[in-house]
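Converting from the sequence shown to the working numbering requires adding 70 to each position, the first position being numbered 1. Using N, Cα and C, we set each Cβ at its ideal position, and we do this for glycine too. Here the structure comes first, spelled out in structure tokens, and everything after it is commentary.
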Amino acid sequence: MANVYIALLHHPVYNKHQEVVTTSITGFDLHDIARSAVTFGVKQYYVINPMPAQQEFAKRIFQFWMDGTSLEFNWTRAEAFKLISIQAELENALADIISKEGISPKVIATSAKPRTTISFEALRQEIEQGTKPVLILFGTGWGMTDELLGRADAILPPIEGKGEYNHLSVRSATAIILYKLLGK
């Protein structure tokens, strides 16, 4: 297992008017990103949202899949859900990683905008060397705030297709990025 953690941030992120907002948790993001995380050997998947009602929503979905009947119906989904940790703030996830690892992780941001400071190849090599845990941040809405991106140790390049259109779902982008960093 790689020494990699991921976090899906619902706050602080921008809306399409560049206002700082909190976005809603979706069941699809919980399911699909957790399944990608297990597939690629991620240690923990943090879902960051400060709103108690949103945290409760996520916990209800989590509890449903951990129920005995659901476990029998689809044990693989329950296995993926074990990686999820709902946190109110990014600082809580960082503190959790420090408590597990005894060291602060290298924080890597992602963005659909070109702000690259580290290549996929360079980060993959760092992960393979395993000298420090890595926390990869994924934003929702119209992306993480500039302040949050500025706090990251590095920013990965955007996932780009052939044309100008560049608006993948966070689920798709997460799967592609994890494959590039942790896949065979």
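So, residue i versus residue j, is the Cβ gap smaller than 8 Å?
i	j	result
VAL204	VAL117	no
HIS80	ILE103	no
THR187	ILE229	no
LYS232	GLY213	no
VAL90	THR244	no
GLY172	VAL83	no
VAL112	LEU248	yes
VAL108	LEU160	no
PHE151	GLY253	no
MET136	ALA123	no
ALA72	ILE197	yes
Within the continuous beta strand (DSSP E) that includes residue i, where are the two ends?
i	result
VAL177	176–179
LEU205	204–209
GLN88	Where GLN88 is concerned, there is no enclosing beta strand (DSSP E), given that its DSSP letter is neither H nor E.
VAL112	Unbroken run through VAL112: none, as it is neither H nor E.
ILE156	154–157
Let's test the definition: count the other Cβ atoms within 10 Å of the Cβ of residue i and tell me whether it reaches 16, buried, or not, exposed.
i	result
PRO175	buried
ARG241	buried
ASN236	exposed
GLN199	exposed
ILE168	exposed
THR64	The question about residue 64 has no answer here: the residues shown for the chain are numbered 71 through 254.
For residue i, report the span of its alpha helix (DSSP H) as first-last.
i	result
ALA77	Premise fails: ALA77 lies in the beta strand (DSSP E), 74–79, not in any alpha helix (DSSP H).
ASP166	160–171
ALA245	240–252
ALA192	190–199
Kindly list the residues whose CB is nearer than 6 Å to the CB of residue i, restricted to its own chain and excluding five residues on each side of it in sequence; keep chain order.
i	result
ALA163	ALA77, TYR116, GLN157
ARG185	ILE225
THR180	PHE208, LEU226
ASP223	LYS176, VAL177
LYS202	LYS176
Which same chain residues end up closer than 8 Å to residue i when comparing Cβ atoms and leaving out the 5 residues on each side of it in sequence?
i	result
LYS250	PHE190, ARG194
GLU217	PRO82
LYS129	ILE156
GLU126	none
Output needed for residue i: all residues of its chain with C-beta closer than 7 Å, excluding positions within five of it in sequence on either side, in chain order.
i	result
ILE131	GLY97, LEU100
ASN85	VAL91, GLY211, TRP212
GLN114	TYR75, LEU153, SER155
SER106	THR244, ALA245, LEU248
Quick one: grab the DSSP three-state call for residue i.
i	result
ALA224	strand
MET121	coil
Less than 7 Å separating the Cβ of residue i from some heavy atom of the ligand MG?
i	result
GLN133	Absence of the ligand MG is noted for the structure shown, with no ligands found whatsoever.
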